[in-house]
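Taken in sequence, the protein lines are chains A and B.
Per the numbering used here, numbering of the first sequence is gapless, rising by one per residue and ending at 359.
Per the numbering used here, numbering of the second sequence is gapless, rising by one per residue and ending at 1244.
Note that the Cβ used here is the ideal one computed from N, Cα and C, for glycine as well.
I have placed the structure first, in the form of C-alpha cells, so that the comments after it can refer back to it.
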Amino acid sequence: MRYRETAFFLTLSIAAWVCLSVLAQPGASAFSYGEEAGKNESCLACHGDSAQVPKGFFIDTKHFNQTTHARIGCEACHAAVPATHPDGAKVARAGCGECHADVDREYATGLHVKKTTCNGCHNPHMVHSPKEISGQEINAMCSNCHNTLEMTARHGEWLPQSELHLRMLPCITCHTGSKEYFISMYIVKSKNGSMFGKQEVAGYDELKQMSGGKEIVSLIDKNRDNYVSLEELRVFNRSQNSLRLHGMMTPVSVSHKFEILDDRRNCTFCHTSGPALMQTSFIAVPEADGSYSRVPVEKGAVLDALYGTPDFYMMGSTKNGALNKIGLAIICGGLIMPVGHGFVRFLTRKNRNTKEHKS
Amino acid sequence: MSENSSEKKRIYLQPWPVRIWHWINATGIIVLIVTGAQIRFPESVAVLSSYKSAIDVHNVTGLIVSISFSFWFFYYKMVKNTLDKLYIPDEEDLKHGLVRQLLYYCFWYFLGRPSPYHASPDHKFNPMQKYAYLAVMFVLMPLVGLTGILLLNVTPLRILVLMWGGIKFIVALHFLLACSLLAFLCTHVYLATLGNYIKPMLIGWEDVEEHEEKHVEAPAAIPGYRPVRHYPEYAEMQHEQRQG
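Here is the structure:
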C-alpha cells in the first residue's frame, strides 16, 4: 500500500515537473492548444525568424498570414507537436489529403502522382488560390521540374510557335481539364525602363514606387473604382513606356489531374472557341504579401484592336468584329469594278460589236 | 514603220522570268487568301483538313511569295533596270494619262472607242495600271510580306513587333492589307478580260497592229501640240483639226 502511494506521488511530481518545465520555456503557450487567438504566433516566433531555424523550417510570416492555412492554424496540421519541441525529433504533420480528399483522389489518377507529392509544387505555408497568382508564377512552379528549353522543343514537334505559346499560356490551361477560361493580364516591366528591353513580371516594390506610394492599381485604374475601362487601358498603353500588360488564357477551375489532353493538341480547341471566352478579363495586381488581387476589366477589352492590351492576340479566336467589317468593305470595293463595269459592259456590248465589225 | 494598217507585228512583252514570277505569285496569293481565311474564320472555312495545316501552308506559301517578290524586284531593278520606268508614273501620266484612261474605262469603252493606250515592252502599263501597280507592288505587297514575316517570328523579332505597335496592330494591318490585295485581285482579273493581257502573260508575245505605232510618234511634230504619249486617237483628232 505504502509502495503504491509512493509511486502515485512520484508520478504526480514528475508530471508537475514536466508541466512546469514546459510552462517555463519561452513561448511555451504555443503548445497549450485550444485557444483560437494568437495560436500561430508562438510557432512563428521561432519559425518566422530565419536566424533561429534552419532554412527548410523557415516560414515567411508575411506570406503565410495571408493564406487559408494560417486561418486554420498551425496545429490543424501539426497537432502532435511534443512538449519537448524543439528536440530535433520530427514533428508530425497531417497529409494534405485529410482535408483535400477530392484533390488527392484526382491527383492520384494523373501523370504527376509518380513523380512528386503536393508539396513538390505547393509550399503549404505559402499557398495561394489560383485567383491570387499570376500565370507566369504558375509556369515558374512547373519549370522547377520541367526544363523550359526542353519543353519548348518537345511542344514544337507539333505546336506552331511553341516558344510563344509556352510563354503566353499557363501550362495548366492545356494540362488540366477546365471548361471555362478567362484572360488574366499581369503587368510586365522592361529591363532598364526601355520599351524594348526584356520583359519580366513587375514586382510589388517597383510598382509601388512607380505609383508614387499609392495603390498599384491606380497606375491603370485612374478613378480608383476597382474597375478598368477601355479608356483607362488606352491611357495606360499610351502613357507607359516601360510597363505593358501581358494576357494569359487561364482556366477558371484548376483540376489536379495533370494530363496530356488530346483535344488540346487540336488548335481549334482554343482558336475557334470564339470571342465569348475572350470577353472576361482581369488584371492581376501584385500585393505586398506576394499574392495578386484581381481587378476586373471592361468586357471585350482583349478583342479591341486599338485600346485593349496590344500584346494579346489569338488568331481565329480574337477576331475583332470592326476589323472584319472594314475588311469586307474593302473587298466589296474591289468588286465594284467587275460587277458594275461588267454590267454596263454587257448592256453596251453592241457598240463594240459594231465597231469591231466596221474595222 | 509599215504603212499597211492591217499588218500585224509580234512584240515580246513579257519576258519569261516575269511570267514565271507572275504565275507563282498568282497561285501563291490565292493559296494565301484561302488559308488566311481559314486561319481567321476557322469555324466557317475548312478548306484544309486542320487548322495547323492551314497555318503551315500559309507560312510556307507566304515565304515562297516573299522570295519570289524579291526575285521580281531584283530582276527588274538590277537585271533589266526598268523598274522605275515601268512602274513610276511620270508627269505626263499624272497630267493627262490617268484622267484619259479613267475616261476610257468609264465612258469611251462603252461607246466602242479604242483604248488610248497600247503596250510596248518599255511601256507595259497604262497610267492607271502604273498607279495601281505602284500601290500594290511598292506598298501593299512589301507591307503584307513584312507583317507576315513578323507574325511568323513573333518571339525572335519581339523588338520589331513592339516597334510596329504590338502584335494586335500587326495582325490588324496584315488582315486589312490582305483584304486590299483581294480587292485588287478582283479588279485585276476583270480588267485583264478587257484588253489583250492574258495571252502575253502566258506566252510572252503580243500581236499588235503596226499602224497604231505611227500615231504615237506623229503628234510630236505638230507645233503647239502638247504630246500625249500612247494616245493615238487624241493625236489623230488634233492632226485632223489642223488639216481642216
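Contact annotation: residue 284 of chain A and residue 186 of chain A have beta-carbon atoms nearer than 8 Å. No residue range can be given for residue 1013 of chain B, since it is assigned to no alpha helix (DSSP H) and is classified by DSSP as neither H nor E. For the C-beta of residue 149 of chain A, not a single chain B residue is nearer than 8 Å; the gap to the nearest is close to 13 Å. Taking C-alpha positions only, residue 108 of chain A is separated from residue 257 of chain A by approximately 8 Å. Under DSSP, residue 249 of chain A takes part in a beta bridge, and its partners are A/183. Straight across, the Cα-Cα distance linking residue 169 of chain A with residue 281 of chain A is about 14 Å. Runs of the alpha helix (DSSP H) lying entirely within the segment 148-212 of chain A, each at least 4 residues long, are 148-156, 162-168, 171-175, 204-210 in chain order.
In terms of beta-carbon proximity, residue 1182 of chain B lines the interface with chain A, with at least one pair separated by less than 8 Å. For residue 1166 of chain B, the nearest CB of chain A lies under 8 Å from its own CB, placing it at the interface with that chain. DSSP lists no bridge partner for residue 1105 of chain B. Comparing alpha carbon positions, the residue from A/111, A/57, A/72, A/136 closest to residue 246 of chain A is A/136.
Residue 321 of chain A places its beta carbon 8 Å or farther from that of residue 1176 of chain B. Beyond the five residues adjoining it in sequence on each side, residue 208 of chain A comes within less than 7 Å, by CB distance, of 216 in the same chain, given in chain order. Counting only the Cα atoms, residue 325 of chain A lies some 52 Å from residue 62 of chain A. Per the DSSP secondary-structure output, residue 297 of chain A pairs in a beta bridge with A/228, A/281. In the assembly as shown, residue 1044 of chain B is an exposed residue. Its beta-carbon has fewer than 16 other beta-carbons within 10 Å. In the displayed model, residue 243 of chain A falls within a strand according to three-state DSSP. DSSP lists no beta-bridge partner residue for residue 338 of chain A. Between residue 1040 of chain B and chain A, the shortest Cβ-Cβ separation is below 8 Å. Per the DSSP secondary-structure output, residue 292 of chain A pairs in a beta bridge with A/286.
Within the model, the alpha-carbon separation for residue 84 of chain A versus residue 202 of chain A is close to 44 Å.
In chain order, 313 make up the part of chain A whose C-beta sits under 7 Å from the C-beta of residue 1171 of chain B. Chain B places a beta carbon closer than 8 Å to that of residue 319 of chain A, counting this residue as a contact. In the displayed model, residue 1021 of chain B falls within a helix according to three-state DSSP.
In the structure shown, the three-state DSSP call for residue 1164 of chain B is coil.
Interface annotation, residue 207 of chain A: not in contact with chain B, CB-CB separation never under 8 Å. Residue contact check for residue 1159 of chain B against chain A: a CB pair falls below 8 Å. The Cβ neighbour count for residue 1180 of chain B, taken over all protein chains shown within 10 Å, is at least 16; the residue is labelled buried.
Within the segment 159-173 of chain A, contact with chain B at the beta-carbon level (separation under 9 Å) is assigned to 159, 160, 161, 163, 164, 167.
Residue 1178 of chain B and residue 229 of chain A have their C-alpha atoms spaced approximately 31 Å apart. Residue 1162 of chain B reaches chain A at 195, 196, counting residues in chain order whose Cβ is nearer than 7 Å. Linking residue 221 of chain A to residue 1064 of chain B through their CA atoms gives a straight-line distance of about 46 Å. For chain A, the residues of the segment 1132-1151 of chain B that bring a beta carbon within less than 9 Å of one of its beta carbons are 1151, in chain order.
Proximity of residue 351 of chain A to chain B, defined by a Cβ-Cβ separation below 8 Å, is satisfied. For secondary structure counted as the alpha helix (DSSP H) over 4 or more consecutive residues, the segment 97-131 of chain A holds these complete runs in sequence order: 101-108, 118-121.
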